[in-house]
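Encoded as structure tokens, the structure appears first; notes follow it.
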Amino acid sequence: MSDHSAATRSARALRQKRLARSLIREAEEFCALIERLAAGSKRDIVRRLLRQLAALEHATVEAHARARLRTIIRGNDLGCLPRRQLEVPHSHWKSISSAVWAALGDRNAYWQYWDPLSPTPPRDMGPYYVSTDLIDMYIDIKSVMLQRTAMPDQDELATATLLLQDYHYHWGRHLISALGVLYLLDVDSRR
7 MSDHSAATRS
17 ARALRQKRLA
27 RSLIREAEEF
37 CALIERLAAG
47 SKRDIVRRLL
57 RQLAALEHAT
67 VEAHARARLR
77 TIIRGNDLGC
87 LPRRQLEVPH
97 SHWKSISSAV
107 WAALGDRNAY
117 WQYWDPLSPT
127 PPRDMGPYYV
137 STDLIDMYID
147 IKSVMLQRTA
157 MPDQDELATA
167 TLLLQDYHYH
177 WGRHLISALG
187 VLYLLDVDSR
197 R
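Just so you know, we're using my numbering here: the sequence shown kicks off at 7 and counts up by one.
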């Protein structure tokens, strides 16, 4: 093995750990923000959410694209990762959901839109809620964070991989929907 290839692998491992730490930090910040969201004006709340969701999206995309964690997701390692051994208690997320709903007030509802990659729009495209997007994200992310706390020996790459898997499977769509609505709320002075 050459010194160059060993150095390359070492640099890649350091980059993966740095990007995994960044994703975990933003996931923790998101959960903390949701848990204390009720303080502030509606405009302030919208802006704090917008900033945090943008930071979380950035960290997620960076971890996926630059850390090559997608190879872990597609590889055999995923079968070895423990899956959702800890869930967020219903009473906990229900109380947070109520607080988020109250914090956003009349800015909470928006009209659902169809998936642009779908060949046909769904028949029922009714109202949807930013609070539902945020709570779905919170439950997925907080479950991974609770697992990390309960299993301190779980390394950062495994935690980041679980976050990325859930992002691709579920909470990424909620993040994009919430970002779009929060962006429009922030720039639309009539609301």
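Every residue gets a Cβ at the ideal spot worked out from N, C-alpha and C, and that includes glycine.
Computed from a predicted model, the values in this text were never measured in an experiment.
Out of Ala-33, Ala-71, Glu-41, Gln-160, point me to the one whose CA is closest to Leu-59's CA.
Ala-33
Can you find at least 3 beta carbon pairs, one from the region 155-163 and one from the region 130-144, that sit closer than 8 Å?
no
Measuring only the C-alpha atoms, how far is Ile-147 from Leu-20?
24 Å
So, do the region 40-51 and the region 99-113 have three or more beta carbon pairs nearer to each other than 8 Å?
Output reads yes: the region 99-113 touches the region 40-51.
Using alpha carbons as the reference points, say which of Ala-61, Asp-50, Ala-38, Ala-17 lies closest to Leu-185.
It is Ala-61.
Please report the distance separating the alpha-carbon of Asp-142 from that of Ser-16.
36 Å
How would you call Asp-161, buried or exposed, if buried means at least 16 neighbouring beta carbons within 10 angstroms?
exposed
Closest by CA to His-70, which one among Ser-103, Glu-35, Asp-192, Thr-165?
Thr-165
With a CB to CB cut of under 7 Å and the five nearest residues on each side skipped, what residues in its chain are close to Glu-63?
Leu-181, Leu-185
Would you decide whether Trp-177 is buried or exposed? Buried here means 16 or more other CB atoms lie within 10 Å of its CB.
buried
Run through the DSSP bridge pairs and tell me what Tyr-134 is partnered with.
Tyr-116
Less than 7 Å between C-beta atoms, sequence neighbours within five positions excluded: which residues of the same chain meet that for Ser-103?
Here the set comprises Ser-137, Ile-141.
Looking only at its own chain, which residues have a Cβ that is under 6 Å from the Cβ of Arg-24, when we skip the five neighbours before and after it?
none
Taking the alpha carbon of Phe-36 as the reference point, which residue from Lys-48, Ser-47, Arg-54 has its own alpha carbon closest?
Arg-54
DSSP state of Val-52, grouped into three classes?
helix
Can you tell me whether Gln-118 is buried or exposed, with buried defined as 16 or more other CB within 10 angstroms of its CB?
exposed
Which same chain residues end up closer than 6 Å to Thr-126 when comparing Cβ atoms and leaving out the 5 residues on each side of it in sequence?
none
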